[in-house]
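A short write-up of the structure that comes next.
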Amino acid sequence: MRAIVEYCTHNTAHGTEEIIDKLRQLPDCEVYEYGCLTSCGLCYLSPYALVNGESAWGETAEALYNQIMIKIQEIRLIED
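Its first residue numbered 1, the sequence shown is counted upward by one per residue in the UniProt record's numbering.
As structure tokens, then:
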């Protein structure tokens, strides 16, 4: 199963663009960019994304990246 990461373009103000670029490098990860994920409260307050439909957030972009990678690892474990 591939990890699907969805993020809001408005959230890049939190510095998420760099981590999204790193996620695009992963062979088992698909990244989709949207104008809105309808989670404006979370998106406005902190770096935020969806991983296979589940919310992931962090106080910094790097913290968000770590949370996304935890979720991706969980997906990888399910496959094994």
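Note that CB positions come from ideal geometry on N, CA and C, so glycine has one too.
- For L50, name the three-state secondary structure that DSSP assigns. L50 sits in a strand when the DSSP states are folded into three classes.
- Item | In chain order, each alpha helix (DSSP H) run of at least 4 residues that lies wholly inside the region 10–71 | Unbroken alpha helix (DSSP H) stretches of 4 residues or longer found wholly inside the region 10–71: 16–24 and 40–45, given in chain order.
- Would you call G58 buried or exposed, if buried means 16 or more other Cβ atoms sit within 10 Å of its Cβ? By the 16-neighbour rule on beta-carbons within 10 angstroms, G58 is buried.
- Classification of G36 by the beta-carbon crowding that lies within 10 angstroms, buried from 16 upward: With the sequence shown as reference, residue 36 is identified as Cys, and Gly is not the correct amino acid for it. Around the beta carbon of C36, fewer than 16 other beta carbons sit within 10 angstroms, so the residue counts as exposed.
- Task: Whole angstroms is fine: what's the gap from L77's alpha carbon to I68's?
- Result: Their backbone Cα atoms lie some 14 Å apart in a straight line.
- Query: Going by beta carbon distance, what residues of the same chain come within less than 7 Å of L42, once the five residues before and after it are set aside?
  - Reply: So the qualifying residues of the chain are Y48, S55 and W57.
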